[in-house]
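Remarks on the structure that follows.
Residue numbers (our numbering), protein chains in the order written: chain A, 1 to 337; chain B, 1001 to 1251.
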């Protein structure tokens, strides 16, 4: 992943300066340092396959959300609805699976349920996209609205109590299953990050995403269909929230309606720690992967060190602010050149 | 004189209660630099936008090579070889010079995947800059990191790279220092020498006379005078702009 982000900014001339200029390299260094610190302090507990697998699994669902969020933030937008859309999609998927057999449902029912969940996510994404482009509602407000509506509707559908008769096959395979020691959840999240990371870094779709975030009016004048592109970007974020909803369902074997209120902020924090600018035009999926892992490793390491649970939020919040502060310093220094 | 390359006849355009263009005319010939001047509110920007496809006129006609054309958006104009350097440059500041040169027209590989062909973009961008004598300190830097003059050069190079017929330049030197200003004026001459017509919109009279072959003057939404730059003084231009001279009579 890191290599794609670096080649993004590399040309024949100046391979090394471009490498040092890259945000991704610096944030990766922070992640490695953090990892090394905990590994030295608590080698027996922290640096084990078991623990690393835990960190990766815990980060997988957030990564799926954060990949979609990266595209949205690169267009200078924001999507506050990801956590609610995750819940809504999970509820639709769960209800479908329950209707098709519940805990004993076969793969057919599971597939239909998953498709229903992902479809719901896509639908919410399209709604967000249309609100932002056609109704001209600022992304912050549009997605704040769908945050409320999606979560409310999820509770209307379920009567406020979680749906938990999830197919055992889904939980055992996708939820807990391993392939060569790697959880399915992690494999799916990494595949999504790779595919969409390449889409953002290497394709015309990705280039237009950066162009719109840099200067939407300029993009319009060269003939880029800005509204249509933005709708696609919000739809992608919605779709990935739907995917995350299905993954969450598989992992927790329940809809976890009440547990996703801060997913949006966690995803935004990951994207920003990963070097993206909320002003748009800057950001990579590789950076986001690191931005998901830094708080993940930090939380895990602090728990192992025996820190009180409440201190974890303090640490993650501080890391976010410090990361952005240093990023600003480097940016300013570069621009004065 | 030969056939005009691009011509506007009797163009009208109203914004609410403001009649910005009242039967404006404009003529550009092949391979010349023609300046379009006028006081604030004379309708220069409106006229240029209609000729570049960014605004649709209420009435009148636009002819390219003597044939009427209907421009519904800037892409229509671009297809006909007409490009515009906007006053705000319209660059994507987080992308590098090559990416900006190809913005919206990126060459891609593996057809349906639309993977950017970076090699082709870098090479052709380097050629385009070379051809215009533009030197950038770092081709891979986002244009945000370039100076004002360098950014102007990128915007001009982009327009020139795609324009086969006409380039409109809206106040291309307005925000520049003395050295950069000279750079851009030289660039305008080099573009003309490649056979592309340059339409220069400017407030700066000495500059207009220095670089343009001809000057057309707008006042209150109409063309009021045409001059050959070589035998015209700043006083004559100012007089036409402010109403002391009207060669074309009331419409």
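Heads up, the beta-carbon is just placed ideally off N, CA and C, and yes, glycines get one too. The structure presented is a predicted model; accordingly, all values stated were derived computationally and were not measured.
Cut-off 8 angstroms between Cβ atoms - residues of its own chain near residue 1144 of chain B, not counting five sequence neighbours on either side: 1093 and 1094
Range covered by the beta strand (DSSP E) that runs through residue 1027 of chain B: 1018-1028
Simplified DSSP state of residue 319 of chain A, which is helix, strand or coil: helix
Residue 41 of chain A CB to nearest chain D CB: under 8 angstroms? This model lacks chain D altogether, as its protein chains are A and B.
Beta-carbon within less than 8 angstroms of residue 1005 of chain B's beta-carbon, same chain only, minus the 5 sequence neighbours each way: which residues are those? 1028, 1029, 1030, 1064, 1065, 1165, 1166 and 1197
Can you give the Cα-Cα distance for residue 160 of chain A and residue 30 of chain A, rounded to whole angstroms? 41 angstroms
Beta-carbon separation of residue 103 of chain A and residue 175 of chain A under 8 angstroms? no
Across the segment 255-268 of chain A and the segment 179-186 of chain A, are there enough close Cβ pairs to call them in contact, namely three or more that are closer than 8 angstroms? no
What would DSSP say about residue 1038 of chain B, mapped onto helix, strand or coil? strand
Using CA coordinates, which residue listed in A/200, A/121, A/120 and A/96 is at the minimum distance from residue 109 of chain A? A/96
Check whether chain B comes within 8 angstroms of residue 29 of chain A, counting only Cβ atoms and requiring the distance to be less than that. no
Buried or exposed for residue 215 of chain A, please, with buried defined as at least 16 other CB atoms from any protein chain shown within 10 angstroms of its CB. buried
Note down the Cα distance separating residue 94 of chain A from residue 249 of chain A, rounded to an integer number of angstroms. 7 angstroms
Determine the chain B residues that contact residue 203 of chain A at a beta-carbon separation under 7 angstroms, and present them in chain order. 1113, 1114, 1115 and 1116
Candidates B/1212, B/1206, B/1097 and B/1220: closest to residue 1200 of chain B by CA position: B/1212
Could you have a look at residue 1225 of chain B and say whether DSSP puts it in helix, strand or coil? strand
Where does residue 1241 of chain B sit, in a helix, a strand or coil, going by DSSP? helix
Let me check one thing: in DSSP terms, what residues is residue 1169 of chain B bridge-paired to? B/1085 and B/1200
Could you work out which residue in B/1158, B/1106, B/1173 and B/1081 is closest to residue 1204 of chain B when comparing CA atoms only? B/1173
Starting from residue 94 of chain A, trace the alpha helix (DSSP H) in both directions and tell me its first and last residue. 82-99
Assign residue 1130 of chain B to one of two classes, buried (16 or more other C-beta atoms within 10 Å of its C-beta) or exposed (fewer than that). exposed
Under the three-state reduction of DSSP, which class applies to residue 1251 of chain B: helix, strand or coil? Residue placement at residue 1251 of chain B is poorly supported in this model, since its pLDDT is 41, which falls under 50; the coordinates still yield a value, given next. It is coil, neither helix nor strand.
Could you tell me which residues DSSP puts in a beta bridge with residue 1108 of chain B? B/1116
Against chain B, with Cβ distances strictly below 8 angstroms, would residue 4 of chain A count as a contact? Low per-residue confidence applies at residue 4 of chain A: pLDDT is 36, beneath 50, and the placement is therefore not dependable, though the value from the model is reported in the following sentence. Not closer than 8 angstroms to any Cβ of chain B, the Cβ of residue 4 of chain A fails to qualify, so no.
Given a threshold of 16 other Cβ atoms within 10 Å of its Cβ, counted over all protein chains shown, does residue 40 of chain A qualify as buried or as exposed? exposed
Give me the Cα-Cα distance between residue 1240 of chain B and residue 273 of chain A, rounded to the nearest whole angstrom. 59 angstroms
In angstroms with no decimal places, state the Cα-to-Cα distance between residue 1015 of chain B and residue 1044 of chain B. 14 angstroms
At least one CB of chain B closer than 8 angstroms to the CB of residue 337 of chain A: is that the case? Caution is warranted here: a pLDDT of 47 is assigned to residue 337 of chain A, below 50, making its placement in the model unreliable, and the coordinate value is therefore given only provisionally. True, the Cβ-Cβ gap to chain B drops below 8 angstroms.
Could you tell me the boundaries of the alpha helix (DSSP H) in which residue 147 of chain A lies? 139-158
Since residue 1047 of chain B contacts residue 1011 of chain B with CB under 8 angstroms, what's their CB separation in whole angstroms? 7 angstroms
DSSP has residue 1059 of chain B in a bridge; who is on the other side? B/1012
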